[in-house]
Amino acid sequence: MARREKFEVQGLKELQKQLREFDQDIIKSATRRAARDAMKPVEERAKDLVPVDKGSLRDSIRLSAGSTDQGDKNRVAWAVVKAGGRGKKDGDGREAGQYILSMHYGNSKGDEANPFLLDAFEPYAQDIANDYRKHLKTETEKGVKKMARRAKKNNKRG
942 MARREKFEVQ GLKELQKQLR EFDQDIIKSA TRRAARDAMK PVEERAKDLV PVDKGSLRDS
1002 IRLSAGSTDQ GDKNRVAWAV VKAGGRGKKD GDGREAGQYI LSMHYGNSKG DEANPFLLDA
1062 FEPYAQDIAN DYRKHLKTET EKGVKKMARR AKKNNKRG
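Numbering of the sequence shown is given in our numbering, commencing with residue 942 and proceeding in unit increments.
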């Protein structure tokens, strides 16, 4: 059974308060980009750690990110590195999704577990949280500048 790891970034209450004052589109893109940028090294490490026979499993590793409105102007950003699924078939005609679980967790046929996704993430969880803070600060600064440009443009029209 796959484990789901969750990490919560603490100490961002002031930033969250400032983000509530932002335009919704800026909040959405800033939080999504910050989460994506913080997880990019996980995607790269997973590609370095995955065992490669024909390369279809490595080629299936992808980073996805998003931002979800949880009501009352609370926004949750997420990013995930995943592998498997449908895509290019290997030389045996199998897609990576057909053997990702036995590759990652091992199986009763004697294939040893190689938890490359967890190994790319778990030891670096604190670094990822710190990177998220750093990227969110950068994206917030960009958002402030964008809002100032919009306000200036709107004042010229009005």
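Glycine included, C-beta positions come from ideal geometry on N, C-alpha and C.
- Classified as exposed, V993 has fewer than 16 neighbouring CB atoms from the shown chains inside 10 Å of its CB.
- Per DSSP, the unbroken alpha helix (DSSP H) holding D966 starts and ends at Q965 to L990.
- Taking a 10 Å sphere around the C-beta of G1025, we find 16 or more other C-beta atoms and assign the residue as buried.
- V993 carries a coil assignment under DSSP once its states are collapsed to helix, strand and coil.
- In the DSSP assignment, D1060 falls within the alpha helix (DSSP H) that extends over F1057 to F1062.
- The residue from A1020, S1049 and T972 with its alpha-carbon nearest to that of K1075 is T972.
- For S970, the closest alpha carbon among the candidates N1071, I1069, A1020 and G1051 is that of A1020.
- The three-state secondary structure of S1008, taken from DSSP, is strand.
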